[in-house]
Structures are given as structure tokens and as C-alpha cells.
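For reference, the structure is listed below as C-alpha cells.
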Amino acid sequence: QVQLVESGGGMVQPGRSLRLSCAASGFSFNSYAMHWVRQAPGKGLEWLASISYEGSQKVYADSVKGQFTISRDNAKNTLSLQMNNLRPEDTAVYYCARGSGWRRPEENYFDNWGQGSLVTVSS
Amino acid sequence: QSVLTQPPSVSGAPGQRVTISCTGTNSNIGTGYDVHWYQQLPGTAPKYVIYGNTYRPSGVPDRFSGSKSGASASLVITGLQAEDEADYYCQSYDSSLSAYVFGAGTKVTVL
């Protein structure tokens, strides 16, 4: 069965960096686009970034463009999110999610989610 | 402020029908992009319950149904059950933002 396991979260001071990882198993990782979605405490879902199945195309939400970098290693079935210059408003649970492959990329939904990794940005 | 507008909460007694609306604009739902729905139980990751406006994945009870008309979509739960108490989010794509967008979520309470 599809499994996505995030790691790398924790507490970090404002201005510092953190790198999240998502280990994928149970499917052909190199055949699917992957995404990061976050959820601030008590708030809704916010899509952050997407990466194509082979890694050549990356798209970001305006809120994290230039601050976060999505990447993948298909040899290791791993998705990553490099987060720089973190701010208190980046405090959230970060989920990796698999793109469904439904119709065209814009029509995609997120058909499998990890359990989430909590990132707390505080001094 | 979310791009897609959902009511903050809806409630119903067991067995009743509840409807959650999701209203967009001409740059997202209104331009033809599909709407998908997610259920998030407390303390867990979201799970999709409707995709492509109306399709229900295997394993999701048939009391869940979706529809779309113009720039709006709806999720209907018919025969509400206690285990349906959760937050529900709609999701689509916005061509102006070049981004996947979510509604702010609707809390369903079973009375």
C-alpha cells in the first residue's frame, strides 16, 4: 500500500533553515508528481509546492516562492522541502502528498498524504 | 482569506442530509477546473472523498456525493453518521494564481 512518511520537523528559531523529507513506498515514485501542503495550527490547508515526476518542473505558491525549494531523488524514493529564512507564520504541520495523475496537472488532486511533520518557528 | 468560499460550519442530526457549498470565481471553478473534496478527522491527515466533481473513490460510503454548477460546487452527506464529524475542504486550481487552492474548510457537527 502507498506510504508517505515525513521527517525533519521540529522547533527552529526565526531566520534559520530546516529541511523536510518524505519517504515514499508502495508505488512507483518516479511516475507521480508530488506536492507539499501545510496546515497552520487551527487553520486550513495551504498548497505550497509541486514537482513533476522526473523533477524538471517545479511550481510554488507565491507565499513561499524564493524561500522554499522542492526537490526529489527518484533513486531513493524521497521528496524534500528545503525551507530557508523561516518565520513564525511558517509554523504548521507539513504534509507531503501524491498527485493523482487525474487528467491534466491542473486537475490533480492529492490522493495520498503522509501523517505530517510539525514545524514550529519560535525564539 | 481563501480563494474558495465555504461555510465555517454545518450541523445535522444522525440520518439527516447536510450540504457543504464551495464557491469560486471565473479563475478557478468557474473556468472549468474540477473540484475535489477532502475529509479531515481530528488529528489526522486529510483524505479525499470526492474527486473530479462527482466521483467517489472506492471505500468511501455512497452517502457522500458531489456536484458542480458554474462557479460553485457542493458536497452532500445523506444519512449523516457520527463518524462523519470532521472538517471538509474543497480544492481546485486557480489559473490567475497558477496554484492549487483550498477552501477554508467546513466543520461538520453531528448533533
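Quick note, the sequences are listed as chains A and B, same order. Sequential numbering from 3 applies to the first sequence in my numbering. Sequential numbering from 1073 applies to the second sequence in my numbering. The beta carbon of each residue, even a glycine, is placed where N, CA and C say it ideally should be.
- For the region 52-67 of chain A, the set of residues with a beta-carbon nearer than 8 Å to any beta-carbon of chain B comprises S52, V61, A63, D64, in chain order.
- For W1109(B), the enclosing beta strand (DSSP E) has its first and last residue at 1108-1112.
- Look at T1097(B) here: in three-state DSSP terms it is coil, with no helix or strand label.
- The region 1156-1171 of chain B makes contact with the region 1097-1112 of chain B: 3 or more CB pairs, one atom from each, lie closer than 8 Å.
- Residues of the region 96-112 of chain A whose Cβ lies closer than 9 Å to any Cβ of chain B, in chain order: Y97, A99, S102, W104, R105, P107, E108, E109, N110, Y111, F112.
- Counting the other CB atoms within 10 Å of its CB gives K67(A) a total below 16, which places it among the exposed residues.
- The C-beta of S82(A) has 16 or more other C-beta atoms within 10 Å across all chains shown, which makes the residue buried.
- By the rule that beta-carbons nearer than 8 Å mark a contact, W38(A) does not touch chain B.
- From the beta-carbon of P1118(B), the residues of chain A found nearer than 7 Å are L47, W115.
- DSSP places W115(A) in the uninterrupted beta strand (DSSP E) bounded by 112-115.
- For G118(A), a Cβ of chain B is located within less than 8 Å of the residue's own Cβ.
- Taking CB atoms only, F1136(B) has no neighbour in chain A less than 8 Å away.
- When DSSP reads this structure, E48(A) sits in a beta bridge with R40(A).
- For D1106(B), the C-beta contacts it makes with chain A under 8 Å involve W104, R105, E109, Y111, in order along the chain.
- Among the residues facing chain A, A1145(B) is not included, as its CB has no counterpart in that chain under 8 Å away.
- For Y62(A), the uninterrupted beta strand (DSSP E) segment begins and ends at 60-62.
- Distance from the CA of V1075(B) to the CA of K78(A), rounded to the nearest whole angstrom, comes to 36 Å.
- For Y1161(B), the chain A residues whose C-beta falls within less than 7 Å of its own C-beta are G46, L47, listed in chain order.
- The residue among Y97(A), R18(A), R106(A) with its C-alpha nearest the C-alpha of L47(A) is Y97(A).
- Within chain A, no C-beta atom comes nearer than 9 Å to that of A1085(B); the closest sits roughly 26 Å away.
- The beta carbon of N86(A) sits closer than 7 Å to those of S19, Q69, all from its chain and outside the five residues before and after it, given in chain order.
- Bounds of the beta strand (DSSP E) holding F70(A) are 70-75.
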